Amino acid sequence: MPTVLIVDDEVPILRALEINLKARGYTTVTALAGQGALDQAANHRIDLLILDLGLPDIDGVEVIHRLRRWSDVPVIVVSARHGSNDKIQALDAGADDYVTKPFGMDELLARMRAALRRGAAGNDPVVETADFVVDLAAQRVTRDGEPVRLTPTEWAILELLVRNSGALVTHEELLRRVWGPAYAGETAYLRVYLAQLRRKLEPDPGNPRHLLTETGMGYRFKD
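The letter at position 159 of the sequence shown is residue 159 when you use full-length UniProt numbering, and the numbering goes up by one with no holes.
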(Lines of atoms letter the chains of each structure in order from A and count residues from 1; the text may use other names and numbers.)
(Lines give C-alpha, C1' and ligand atoms only; values in the text may rest on other atoms or scores of the structure.)
Protein backbone atom coordinates (compact mmCIF):
# COMPACT_ATOMS: atom_id res chain seq x y z
CA MET A 1 0.00 0.00 0.00
CA PRO A 2 1.10 3.61 -0.53
CA THR A 3 3.01 5.59 2.06
CA VAL A 4 1.25 8.80 3.14
CA LEU A 5 2.94 11.73 4.87
CA ILE A 6 0.46 13.51 7.18
CA VAL A 7 1.36 17.05 8.26
CA ASP A 8 -0.77 18.89 10.82
CA ASP A 9 0.09 20.76 14.02
CA GLU A 10 -3.22 19.75 15.63
CA VAL A 11 -2.25 16.49 17.27
CA PRO A 12 -5.81 15.07 17.60
CA ILE A 13 -6.40 15.53 13.86
CA LEU A 14 -2.98 14.11 13.03
CA ARG A 15 -3.57 11.03 15.18
CA ALA A 16 -7.10 10.52 13.86
CA LEU A 17 -5.86 10.57 10.28
CA GLU A 18 -2.97 8.28 11.13
CA ILE A 19 -5.26 5.72 12.82
CA ASN A 20 -7.83 5.79 10.01
CA LEU A 21 -5.24 5.40 7.26
CA LYS A 22 -3.36 2.62 9.03
CA ALA A 23 -6.66 0.79 9.57
CA ARG A 24 -7.11 0.82 5.80
CA GLY A 25 -3.66 -0.54 5.13
CA TYR A 26 -1.74 2.64 4.36
CA THR A 27 1.76 3.21 5.70
CA THR A 28 1.98 6.60 7.42
CA VAL A 29 4.71 9.10 8.26
CA THR A 30 3.89 12.23 10.27
CA ALA A 31 5.16 15.74 10.94
CA LEU A 32 3.89 18.61 13.09
CA ALA A 33 5.57 21.49 11.24
CA GLY A 34 6.67 22.62 7.80
CA GLN A 35 10.38 21.91 8.08
CA GLY A 36 9.59 18.52 9.55
CA ALA A 37 7.38 17.84 6.53
CA LEU A 38 10.21 18.66 4.12
CA ASP A 39 12.64 16.54 6.13
CA GLN A 40 10.27 13.56 6.15
CA ALA A 41 9.64 13.92 2.42
CA ALA A 42 13.39 13.96 1.82
CA ASN A 43 14.06 10.94 4.03
CA HIS A 44 11.17 8.68 3.00
CA ARG A 45 9.84 7.50 -0.34
CA ILE A 46 6.31 8.84 0.05
CA ASP A 47 3.43 8.42 -2.37
CA LEU A 48 1.08 11.14 -1.11
CA LEU A 49 1.23 14.19 1.17
CA ILE A 50 -1.73 15.37 3.26
CA LEU A 51 -0.89 18.91 4.33
CA ASP A 52 -2.40 21.51 6.66
CA LEU A 53 -1.64 25.14 5.75
CA GLY A 54 -1.53 26.73 9.20
CA LEU A 55 1.76 25.34 10.43
CA PRO A 56 3.82 26.91 13.25
CA ASP A 57 7.07 27.53 11.37
CA ILE A 58 6.60 27.53 7.57
CA ASP A 59 3.22 28.20 6.01
CA GLY A 60 1.85 25.25 4.09
CA VAL A 61 1.88 27.12 0.79
CA GLU A 62 5.62 27.72 1.20
CA VAL A 63 6.09 24.03 2.01
CA ILE A 64 4.45 23.19 -1.32
CA HIS A 65 6.67 25.69 -3.17
CA ARG A 66 9.82 24.15 -1.67
CA LEU A 67 8.67 20.60 -2.21
CA ARG A 68 7.89 21.25 -5.86
CA ARG A 69 11.52 22.20 -6.50
CA TRP A 70 12.42 18.52 -6.34
CA SER A 71 9.33 16.32 -6.02
CA ASP A 72 6.11 15.67 -7.96
CA VAL A 73 4.48 13.72 -5.14
CA PRO A 74 0.70 14.40 -5.04
CA VAL A 75 -0.34 16.91 -2.36
CA ILE A 76 -3.80 17.17 -0.83
CA VAL A 77 -4.29 20.25 1.33
CA VAL A 78 -6.57 19.73 4.33
CA SER A 79 -7.20 23.12 5.91
CA ALA A 80 -9.65 25.16 7.96
CA ARG A 81 -9.07 28.07 5.57
CA HIS A 82 -12.20 28.39 3.43
CA GLY A 83 -11.30 31.50 1.41
CA SER A 84 -10.95 31.21 -2.34
CA ASN A 85 -7.61 33.05 -2.25
CA ASP A 86 -6.14 30.40 0.06
CA LYS A 87 -7.29 27.65 -2.29
CA ILE A 88 -5.92 29.47 -5.33
CA GLN A 89 -2.53 30.05 -3.68
CA ALA A 90 -2.23 26.40 -2.64
CA LEU A 91 -3.24 25.07 -6.05
CA ASP A 92 -0.99 27.53 -7.87
CA ALA A 93 1.91 26.46 -5.64
CA GLY A 94 1.43 22.87 -6.82
CA ALA A 95 -1.22 21.23 -4.65
CA ASP A 96 -3.32 18.62 -6.41
CA ASP A 97 -6.48 18.99 -4.32
CA TYR A 98 -7.94 21.07 -1.47
CA VAL A 99 -10.26 19.78 1.26
CA THR A 100 -11.72 22.09 3.91
CA LYS A 101 -12.12 21.12 7.56
CA PRO A 102 -14.29 19.55 8.83
CA PHE A 103 -14.39 16.80 6.24
CA GLY A 104 -15.69 13.25 5.92
CA MET A 105 -13.18 10.44 5.96
CA ASP A 106 -14.83 8.73 2.99
CA GLU A 107 -14.47 11.92 0.92
CA LEU A 108 -10.80 12.26 1.82
CA LEU A 109 -10.13 8.62 0.96
CA ALA A 110 -11.77 9.07 -2.43
CA ARG A 111 -9.67 12.15 -3.12
CA MET A 112 -6.55 10.27 -2.05
CA ARG A 113 -7.30 7.43 -4.45
CA ALA A 114 -7.84 9.91 -7.28
CA ALA A 115 -4.59 11.74 -6.53
CA LEU A 116 -2.64 8.49 -6.41
CA ARG A 117 -4.07 7.44 -9.77
CA ARG A 118 -3.15 10.73 -11.42
CA GLY A 119 0.55 10.89 -10.80
CA ALA A 120 3.72 8.89 -10.83
CA ALA A 121 3.95 9.34 -7.09
CA GLY A 122 7.10 9.37 -5.07
CA ASN A 123 9.57 9.32 -7.98
CA ASP A 124 12.83 11.03 -7.18
CA PRO A 125 13.73 13.43 -9.98
CA VAL A 126 16.83 13.95 -12.03
CA VAL A 127 18.08 17.48 -11.35
CA GLU A 128 20.02 19.03 -14.23
CA THR A 129 22.30 22.04 -14.06
CA ALA A 130 24.34 23.57 -16.85
CA ASP A 131 27.41 21.75 -15.52
CA PHE A 132 26.33 18.44 -13.94
CA VAL A 133 23.34 16.15 -13.41
CA VAL A 134 22.15 14.74 -10.08
CA ASP A 135 20.05 11.56 -10.19
CA LEU A 136 18.50 11.39 -6.72
CA ALA A 137 16.94 7.96 -7.16
CA ALA A 138 20.14 6.33 -8.42
CA GLN A 139 22.32 8.40 -6.05
CA ARG A 140 24.56 9.28 -8.96
CA VAL A 141 26.16 12.44 -10.32
CA THR A 142 27.40 12.85 -13.88
CA ARG A 143 29.41 15.61 -15.51
CA ASP A 144 29.77 15.80 -19.28
CA GLY A 145 28.15 12.36 -19.41
CA GLU A 146 30.77 10.79 -17.14
CA PRO A 147 30.10 9.62 -13.56
CA VAL A 148 31.57 11.72 -10.76
CA ARG A 149 32.93 9.76 -7.82
CA LEU A 150 31.59 11.13 -4.54
CA THR A 151 32.25 9.85 -1.06
CA PRO A 152 29.19 8.93 1.04
CA THR A 153 29.60 12.14 3.03
CA GLU A 154 29.90 14.27 -0.11
CA TRP A 155 26.75 12.67 -1.51
CA ALA A 156 24.83 13.21 1.75
CA ILE A 157 25.66 16.92 1.70
CA LEU A 158 24.85 17.33 -1.98
CA GLU A 159 21.57 15.41 -1.69
CA LEU A 160 20.39 17.55 1.23
CA LEU A 161 21.20 20.76 -0.66
CA VAL A 162 19.58 19.57 -3.89
CA ARG A 163 16.40 18.42 -2.14
CA ASN A 164 16.12 21.92 -0.66
CA SER A 165 17.00 23.63 -3.94
CA GLY A 166 16.94 27.41 -3.68
CA ALA A 167 16.48 27.38 0.10
CA LEU A 168 19.12 28.11 2.72
CA VAL A 169 20.31 25.00 4.57
CA THR A 170 22.00 26.13 7.75
CA HIS A 171 25.37 24.94 9.04
CA GLU A 172 23.64 23.35 12.02
CA GLU A 173 21.12 21.47 9.85
CA LEU A 174 23.80 20.10 7.53
CA LEU A 175 26.02 18.99 10.39
CA ARG A 176 23.15 17.46 12.35
CA ARG A 177 21.75 15.57 9.36
CA VAL A 178 25.06 14.36 7.91
CA TRP A 179 27.25 13.79 10.98
CA GLY A 180 24.81 13.81 13.90
CA PRO A 181 23.80 16.18 16.75
CA ALA A 182 27.19 15.97 18.46
CA TYR A 183 28.82 17.73 15.47
CA ALA A 184 26.48 20.74 15.32
CA GLY A 185 29.31 23.21 15.91
CA GLU A 186 31.96 21.70 13.62
CA THR A 187 31.62 24.14 10.73
CA ALA A 188 35.19 23.42 9.60
CA TYR A 189 33.96 20.03 8.38
CA LEU A 190 31.58 21.76 6.01
CA ARG A 191 34.21 24.06 4.57
CA VAL A 192 36.40 21.08 3.74
CA TYR A 193 33.65 19.02 2.12
CA LEU A 194 32.08 21.91 0.21
CA ALA A 195 35.52 22.71 -1.21
CA GLN A 196 35.83 19.08 -2.34
CA LEU A 197 32.38 19.11 -3.94
CA ARG A 198 33.12 22.34 -5.76
CA ARG A 199 36.37 20.95 -7.15
CA LYS A 200 34.47 17.96 -8.51
CA LEU A 201 31.38 19.75 -9.82
CA GLU A 202 31.92 23.47 -10.40
CA PRO A 203 33.63 24.75 -13.60
CA ASP A 204 35.29 27.44 -11.48
CA PRO A 205 35.47 26.20 -7.87
CA GLY A 206 36.61 29.62 -6.65
CA ASN A 207 33.47 31.24 -8.06
CA PRO A 208 30.77 28.59 -7.64
CA ARG A 209 27.49 28.87 -9.55
CA HIS A 210 25.59 26.00 -7.92
CA LEU A 211 26.95 25.35 -4.42
CA LEU A 212 26.64 28.79 -2.89
CA THR A 213 27.85 30.03 0.50
CA GLU A 214 25.56 32.17 2.65
CA THR A 215 28.18 33.77 4.88
CA GLY A 216 27.73 32.98 8.53
CA MET A 217 24.54 31.01 7.91
CA GLY A 218 24.96 27.99 5.63
CA TYR A 219 24.75 26.92 2.01
CA ARG A 220 22.30 27.02 -0.86
CA PHE A 221 21.96 24.95 -4.06
CA LYS A 222 21.13 26.76 -7.29
CA ASP A 223 20.45 24.75 -10.42
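Ideal placement from N, C-alpha and C gives every residue a C-beta, glycine not left out.
These numbers were taken from a predicted model, which means no experiment stands behind them.
- Message: I need the straight-line Cα distance from Leu160 to Asn43, nearest angstrom please.
- Response: 10 angstroms
- Using a beta-carbon distance below 9 angstroms, is Pro74 in contact with chain B? Protein chains in the displayed structure number just one, and chain B is not present.
- Between the stretch 18-35 and the stretch 124-137, do three or more beta carbon pairs fall short of 8 angstroms? no
- Message: Rounded to whole angstroms, what is the Cα-Cα separation between Leu5 and Asp57?
- Response: 18 angstroms
- Task: Rank Gly206, Tyr219, Ala23 and Gln139 by C-alpha distance to the C-alpha of Leu109 and give the top, closest one.
- Result: Ala23
- Task: Could you tell me whether the stretch 212-222 touches the stretch 175-184, using the rule of 3 or more Cβ pairs below 8 angstroms?
- Result: no
- Message: Less than 8 angstroms between C-beta atoms, sequence neighbours within five positions excluded: which residues of the same chain meet that for Leu194?
- Response: Ile157, Leu211, Thr213 and Tyr219
- For Phe221, write down the residues that DSSP places opposite it in a beta bridge. Leu211
- Is it true that the CB of Trp155 sits closer than 9 angstroms to the CB of Val141? yes
- Query: Count the other CB atoms within 10 Å of the CB of Pro203; is the residue buried (16 or more) or exposed (fewer)?
  - Reply: exposed
- Item | Beta carbon of Val148 nearer than 9 angstroms to that of Lys200 | yes
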